[in-house]
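Engineer:
Protein chains: 2
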Amino acid sequence: MNQHQHRICTSAHSAAYTHCSDCRLNSICLPLSLEFSDIDKLDSIVERGKPLQKGDAIYRQGDSFKALFAIRSGAIKTFSTNTDGEQHITGLYLPGEVVGLDGPADNQHVNSAIALQTTSVCAIPYQRLEALSRQVPGLQRNLLQLLSREINADQKQRNLLGRTSAEVRVASLLLSISARLARHNLSAVAFTLPMSRSDMANFLGLTLETVSRVFGRLQKLKILSTNRKDLVINDLEQLQALTHKSCKDNFDD
Amino acid sequence: MNQHQHRICTSAHSAAYTHCSDCRLNSICLPLSLEFSDIDKLDSIVERGKPLQKGDAIYRQGDSFKALFAIRSGAIKTFSTNTDGEQHITGLYLPGEVVGLDGPADNQHVNSAIALQTTSVCAIPYQRLEALSRQVPGLQRNLLQLLSREINADQKQRNLLGRTSAEVRVASLLLSISARLARHNLSAVAFTLPMSRSDMANFLGLTLETVSRVFGRLQKLKILSTNRKDLVINDLEQLQALTHKSCKDNFDD
DNA sequence: CGCGTTATTGATCCTTATCAATTCCAGTGG
DNA sequence: CCACTGGAATTGATAAGGATCAATAACGCG
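From first to last, the protein sequence lines stand for chains A and B.
For what it's worth, my numbering labels the leading residue of the first sequence as 49, then goes sequentially.
For what it's worth, my numbering labels the leading residue of the second sequence as 49, then goes sequentially.
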């Protein structure tokens, strides 16, 4: 397998400083069904910085909330750190998705957001977004939609953590990433995982050993092939079927 | 213990058809820091129906999304039903809280919401709320805040389901209910549980047997006393301490 | 007063956590 | 160019927390 063919983000780092109207993500990022003139208005408040390196933070837990961030390329993880210093990963965000929705609640971030690889983001200053939303009904609607979708996604994830087996959790994560990459015309069946086993485990409420074992089992079943972070899904249907199964009816070998 | 002294909702059923400006919940429901004149504007769009009986639905999964609902008295559970007909409880809502935030995502409800006991709600038609939000910046902010808080609450719950023991989950739920009732000057230590063991278990990603056993253990430790749904917390501090402990350091007897 | 629902309690099994030991690989410096 | 090294991943053995299956008890309601 050609390892670098399927990096999560391919171009875009270099093609910096475009505009929202040109951005190939604009149908996704603030799921915008806006008029051209409205897109330009949004464009005028967006700030594009230079790419973040792996490990760089967009914001940290406790930071005051200034902006939402749309991911143009790369991958971001969000997490909160408890009093014992353990980190709890709360989200994985890929191109076209928006981080920072934890901010409006109390005008400060309850999560940290850091880059899992080289990543570029658009900052959307929140006060200006709020103001603009008042003038552009479609934008207001999109913004509320975005938050509501996050709520629904979180509830789905809750369901996953509360009720499903390790197998189902891992399979669901892989399928989720697959589907989200496919929206950008990237391969749905061959890609580089943006997180380590340890991060995946943390996100899924498992241990890294368990995640590793699930990968092992799924490989033995020829459902997928992995080499570290490089992944090929050989049997997408079977992987999907797995996620529909309840804990118990997993017969192996 | 006087069983009915601590019902979740006491008055309010009878005192129907008040206005937002009189409502003792108005500092909580859409965490409104609005001007009086703005409250009146909100009041003008709110629709107050007659109380729901236990088991009545506010809306059902798949219903088109028309309104948010602020709970005035009683208790609501929200849940989604999967293809196998199993229901997954996604939320418990008490007076002053708002249900229906799953709706804006795709203009339809992905959850159902039903009354766990006699309950009265205020309907806030969403289109009118959106329109009003454009005119009243404070209202827009409050609305976005509400959604963002739901996101953060969901993530906390996710953490609970993904990483903590049965003991911690049950204790957290009890403390959450306790704190939310206390906001209305109801007792924080003696109340009637709004849900069955089975609902609690479902919500917490456990089985009802496990929940029952945890109740048993906590009673043996004199931390609380239960009689079916009537609950007295004898040692609030110890219960709180429990939730700070990780899975392993639970030594008993 | 009896029935059906809800809760409790007990015995056993299974999944996953935990502890521990390798193995694999990328990156570094000789 | 290759041996060294440290983090990441895999694999194995064992233990523990809940799930499951099963029986009984307590209550609310007709």
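Yeah, the Cβ is synthetic: ideal placement off N, Cα and C, and Gly gets one too.
(1) Does V146 of chain A come within less than 8 angstroms of chain B when only Cβ atoms are used?
(2) Quick one, are the C-beta atoms of R197 of chain B and L208 of chain B less than 8 angstroms apart?
(3) What would DSSP say about I271 of chain B, mapped onto helix, strand or coil?
(4) Helix or strand or just coil, what does DSSP make of E215 of chain B?
(5) Are G148 of chain B and L116 of chain B touching if we call contact CB-CB under 8 angstroms?
(6) Relative to the C-alpha of L266 of chain B, which residue among B:V280, B:P143, B:C77 is closest?
(7) Could you pull the start and end residues of the beta strand (DSSP E) that T240 of chain A belongs to?
(8) Let's test the definition: count the other Cβ atoms within 10 Å of the Cβ of F251 of chain A and tell me whether it reaches 16, buried, or not, exposed.
(9) How is I281 of chain A classed by DSSP in three states: helix, strand or coil?
(10) Checking contacts by CB at 8 angstroms: is I124 of chain A closer than that to chain B?
(11) Tell me which residue opens and which closes the beta strand (DSSP E) that F127 of chain A is part of.
(12) Please list the segments of the alpha helix (DSSP H) lying wholly inside the segment 155-183 of chain B, counting only runs of 4 or more residues, in order along the chain.
(13) Report the CB separation of F239 of chain B from L229 of chain B in whole angstroms; it is logged as a contact under 8 angstroms.
(14) Would H292 of chain B be called buried (16 or more neighbouring beta carbons within 10 Å of its own) or exposed?
(15) Cβ closer than 9 angstroms: which chain B residues qualify as neighbours of E178 of chain A?
(16) T351 of chain B: which of B:G122, B:N233, B:T129 sits nearest, CA to CA?
(17) If you draw a straight line from the alpha carbon of R55 of chain A to that of R108 of chain A, how long is it in whole angstroms?
(18) Exposed or buried, which one is Q205 of chain A when buried takes at least 16 other CB atoms within 10 Å?
(19) Compare the C-beta of T138 of chain B against all C-beta atoms of chain A and say whether one is closer than 8 angstroms.
(20) Please report how far the alpha carbon of G253 of chain B lies from the alpha carbon of Q135 of chain B, in whole angstroms.
(21) Give me whichever residues DSSP pairs with L116 of chain B in a beta bridge.
(22) For L195 of chain A, collect the residues of the same chain with a Cβ closer than 7 angstroms to its Cβ; drop the 5 residues on either side in sequence, then sort them by chain order.
Structural biologist: Quick answer:
(1) To locate residue 146 of chain A, count along the first sequence from 1; it is residue 98. Not an interface residue.
(2) Position 149 of the second sequence, counted from the first residue, corresponds to residue 197 of chain B. Position 160 of the second sequence, counted from the first residue, corresponds to residue 208 of chain B. No, these two residues do not count as a Cβ contact at 8 angstroms.
(3) Taking the first residue of the second sequence as 1, we reach residue 271 of chain B at position 223. Three-state result, I271 of chain B: coil.
(4) The count along the second sequence starts at 1 and reaches residue 215 of chain B at position 167. Correct three-state label for E215 of chain B: helix.
(5) Within the second sequence, numbered from 1, the residue matching residue 148 of chain B stands at position 100. Within the second sequence, numbered from 1, the residue matching residue 116 of chain B stands at position 68. Yes, the pair counts as a contact, with Cβ atoms nearer than the cut-off.
(6) Here residue 266 of chain B refers to the residue found at position 218 when the second sequence is read from its first residue. Answer by Cα proximity: B:V280.
(7) Position 192 of the first sequence, counted from the first residue, corresponds to residue 240 of chain A. 238-240 is the span of the beta strand (DSSP E), which, as asked, contains T240 of chain A.
(8) Numbered from its first residue, the first sequence carries residue 251 of chain A at position 203. By the neighbour-count rule (16 or more Cβ atoms within 10 Å), F251 of chain A is buried.
(9) Numbered from its first residue, the first sequence carries residue 281 of chain A at position 233. Three-state result, I281 of chain A: strand.
(10) Numbered from its first residue, the first sequence carries residue 124 of chain A at position 76. With 8 angstroms as the cut-off, I124 of chain A does not count as an interface residue toward chain B.
(11) For this step, residue 127 of chain A is matched to residue 79 along the first sequence. Start and end: 124-129.
(12) 174-183
(13) Here residue 239 of chain B refers to the residue found at position 191 when the second sequence is read from its first residue. Here residue 229 of chain B refers to the residue found at position 181 when the second sequence is read from its first residue. Going by Cβ atoms, the distance from F239 of chain B to L229 of chain B rounds to 6 angstroms, so yes, they are a contact pair.
(14) Locating residue 292 of chain B in the second sequence gives position 244, where the first residue counts as 1. Classification for H292 of chain B: exposed.
(15) The residue labelled residue 178 of chain A in the question sits at position 130 within the first sequence. In chain order: P185, Q188, R189, L192.
(16) As displayed, chain B neither begins before 49 nor continues past 301, which places residue 351 of chain B out of reach and without an answer.
(17) As a first step, residue 55 of chain A is located in the first sequence; it is residue number 7 there, counting from the start. As a first step, residue 108 of chain A is located in the first sequence; it is residue number 60 there, counting from the start. Here R55 of chain A scores only 45 on pLDDT, less than 50, and its place in the model is too uncertain to base an answer on.
(18) The count along the first sequence starts at 1 and reaches residue 205 of chain A at position 157. Answer is buried; the Cβ neighbour count reaches 16.
(19) As a first step, residue 138 of chain B is located in the second sequence; it is residue number 90 there, counting from the start. Yes, T138 of chain B lies at the interface with chain A (some Cβ there is under 8 angstroms from its Cβ).
(20) Here residue 253 of chain B is taken as the residue at index 205 of the second sequence, counted from 1. Here residue 135 of chain B is taken as the residue at index 87 of the second sequence, counted from 1. Cα to Cα, the separation comes out at about 12 angstroms.
(21) Taking the first residue of the second sequence as 1, we reach residue 116 of chain B at position 68. B:I172.
(22) For the purposes of this step, residue 195 of chain A is identified with residue 147 of the first sequence, where counting begins at 1. So the list reads L149, once near-sequence residues are dropped.
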